[in-house]
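As structure tokens, the structure follows; a few thoughts come after it.
There are 2 protein chains.
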Amino acid sequence: MSQAAKRKTADAPAFPKPGHNHAHCTKEALRKAEAICAARKTKLTDIRRQVLEAVWRSHVPVGAYDILAQFNAGGGRVAPMAVYRALEFLMDNGLVHRIASLNAYIGCAHMGADHHAAQFLICRSCGTTAELESAPLNRALTQAVAARGFTIDSQIVEIIGVCPHCRDAS
Amino acid sequence: MSQAAKRKTADAPAFPKPGHNHAHCTKEALRKAEAICAARKTKLTDIRRQVLEAVWRSHVPVGAYDILAQFNAGGGRVAPMAVYRALEFLMDNGLVHRIASLNAYIGCAHMGADHHAAQFLICRSCGTTAELESAPLNRALTQAVAARGFTIDSQIVEIIGVCPHCRDAS
DNA sequence: TTGAATATGTTATAACATAACATTATACAC
DNA sequence: GTGTATAATGTTATGTTATAACATATTCAA
Ligand SMILES: [Zn+2]
Ligand SMILES: [Zn+2]
Ligand SMILES: [Zn+2]
Ligand SMILES: [Zn+2]
């Protein structure tokens, strides 16, 4: 394998496939979340874990009220605040991202990498959303912003399009 | 002037200054909007023009209900739908952009350039928001996305930070 | 001039998010 | 263990953003 190919692969992990073993994604996410909270001495309480699990049900961003509906499906009585507070905790701890263009939330695919500067690919066909993580893109962005004399705090990068699996299926 | 400096200048137009002649910005925007609508054979009706003017009151993105409040300040009775419909028209015609991270709207700084793929710098201090328009950034983004097998439809790029004027003032 | 398309008016409601304050749980010093 | 401070959750209400559905008016061309 060439160096170029290696770099490309490193920059471009696979887009989540329709039939993949998602139980594994979820299990890993929960495991890492426990580890991160332990390391940070923050508490992954019941409701926070449940919200994290709800967010990891799939690779499609989920709305706060969708999570709420899941909780209350069996006659529960959870209030919106509880969900929003859990989401805030999870975002503060780098376990979940908010997708601004969808008003929805998704599990962080790079827990522990300490990036509050994620970039997303959002399939408008299946909804699957993946983190991009491209070093060249980050460099270009940093440079373009600096050239304008602007000091960057945070960023929202959400690319809407069609994922490879939906493209191949059509 | 060197080629490099020219390129940099071309890539990095000035961030809107606090004391600039904003009446000129507004006037130009309205003039271009008329021209674009004429060319596209779409109608810049009264309410649409008024919403466009409201959006151009400053370089700070404005919320739909803020626009509504302006209209109704003198005892008017405009409904939210009217504002949202006008905004939809203006966005469809490339005259206004939505800032997803703020749920707010801003006049397009490059009318006629046919870019539904704008990128924004948002000052968290003064609120001033400018379009970025960086060719290297666009190239990096296109390439990073293509490397993932993703077909891009549209993008949301919003960089939050501190503008040069606020930085210098602090 | 009449019919189709476009634009606006009107009412209601959906969808997303936070404020404010009460209560309960946890941890830690004493 | 007891008190006490902090963190977490519960509860109620409300704020904010956006759209659905249907009625009416305007425009424009055949
Ligand atoms: Zn998965
Ligand atoms: Zn897809
Ligand atoms: Zn101006
Ligand atoms: Zn500023």
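From first to last, the protein sequence lines are chains A and B. Count the first sequence with the numbering used here and you get residues 30 to 199, in order. Count the second sequence with the numbering used here and you get residues 30 to 199, in order. Ideal Cβ positions, reconstructed from N, Cα and C, are used throughout, including at glycine. Please read these numbers as outputs of a predicted model, since none were measured by experiment.
What residues of chain B sit near residue i, judged by a beta carbon separation below 8 Å?
i	result
Ile189 (chain A)	Ile181, Asp182, Ser183, Gln184 and Ile185
Pro165 (chain A)	Ala169, Gln172 and Ala173
Leu161 (chain A)	Ala173, Val174 and Arg177
Grab the span of the alpha helix (DSSP H) containing residue i for me, first residue to last.
i	result
His53 (chain A)	His51 to Arg69
Thr171 (chain B)	Ala164 to Ala176
His139 (chain A)	No alpha helix (DSSP H) contains His139 (chain A), which DSSP labels as neither H nor E.
Ala83 (chain A)	Asp75 to Val84
Asn101 (chain A)	Ala93 to Asn101
Arg114 (chain B)	Pro109 to Asp121
Could you tell me which chain B residues have their CB closer than 7 Å to the CB of residue i, listed as they occur along the chain?
i	result
Cys192 (chain A)	Phe179
Leu150 (chain A)	Val174, Arg177 and Phe179
Of the residues the options, which one's Cα is nearest the Cα of residue i?
i	options	result
Ala52 (chain A)	A:Gly178, A:Val84 and A:Pro42	A:Val84
Glu162 (chain A)	A:Ile76, A:His194 and A:Val186	A:Val186
Asp197 (chain A)	B:Cys195, B:Thr180 and B:Cys192	B:Thr180
Leu131 (chain B)	B:Asn101, B:Ile151, B:Tyr113 and B:Gly123	B:Ile151
Tyr113 (chain B)	B:Arg127, B:Gly104, B:Gly103 and B:Gly105	B:Arg127
Ala133 (chain A)	A:Ile96, A:Ala147 and A:Ala58	A:Ile96
Ala173 (chain B)	A:Asn167, A:Val174, A:Thr171 and A:Ala68	A:Asn167
Arg106 (chain B)	B:Val89, B:Ala129, B:Asp121 and B:Ile76	B:Ile76
His88 (chain A)	A:Val125, A:Thr171 and A:Ala146	A:Val125
Ser199 (chain B)	B:Ser154, B:Ala176 and B:Ala93	B:Ser154
Asn50 (chain A)	A:Arg86, A:Ile65 and A:Glu63	A:Arg86
Glu82 (chain B)	B:Ala146, B:Cys54, B:Ile65 and B:Asp121	B:Cys54
Ala93 (chain A)	A:Ala111, A:Arg78 and A:Gln148	A:Ala111
Thr158 (chain A)	A:Ala175, A:Ile135, A:Cys195 and A:Ala176	A:Ile135
Ala115 (chain A)	A:Phe149, A:Arg78 and A:Ala102	A:Arg78
Lys70 (chain B)	B:Pro109, B:Gly104, B:Glu57 and B:Asp121	B:Asp121
Along the beta strand (DSSP E) that carries residue i, what are the first and last residues, could you check?
i	result
Ala159 (chain B)	Thr158 to Glu160
Leu150 (chain B)	Gln148 to Cys152
His126 (chain B)	Val125 to Ile128
Val186 (chain A)	Thr180 to Val191
Which residues in chain A have a C-beta closer than 9 Å to the C-beta of residue i? List them in chain order.
i	result
Arg196 (chain B)	Gly178, Phe179 and Thr180
List the residues of chain A whose Cβ lies closer than 7 Å to the Cβ of residue i, in chain order.
i	result
Ser130 (chain B)	Ala129 and Ile185
Arg153 (chain B)	Asp182
Residue i and residue j look like a contact to me (Cβ under 8 Å); what is the Cβ gap, rounded to whole Å?
i	j	result
Glu117 (chain B)	His139 (chain B)	So it is not a contact: roughly 20 Å between Cβ atoms.
Val80 (chain B)	Leu119 (chain B)	6 Å
Ile188 (chain A)	Gln184 (chain B)	5 Å
Lys72 (chain A)	Gly141 (chain A)	17 Å between Cβ atoms; not a contact.
Gly190 (chain B)	Asp182 (chain A)	5 Å
Cys137 (chain A)	Gly123 (chain A)	6 Å
Pro42 (chain B)	Ala169 (chain A)	No, Pro42 (chain B) and Ala169 (chain A) are not in contact; Cβ-Cβ is about 18 Å, not under 8 Å.
Gly178 (chain B)	Pro45 (chain A)	At roughly 12 Å, the Cβ-Cβ gap does not stay under 8 Å, so Gly178 (chain B) and Pro45 (chain A) are not in contact.
Ala146 (chain B)	Ala129 (chain A)	Between Ala129 (chain A) and Ala146 (chain B) the Cβ distance is about 16 Å, and since that is not below 8 Å, they are no contact.
Just the chain B side, please: which residues come within less than 9 Å of residue i by C-beta, in chain order?
i	result
Phe44 (chain A)	Arg177, Gly178 and Phe179
**Request:** List in chain order the residues whose CB is within less than 6 Å of at least one heavy atom of ligand 1.
**Result:** A:Pro45, A:His49, A:His51, A:Cys54 and A:His88
**Item:** Around ligand 4, Cβ to any heavy atom closer than 6 Å, ordered along the chain
**Value:** B:Cys152, B:Ser154, B:Cys155, B:Thr157, B:Cys192, B:His194 and B:Cys195
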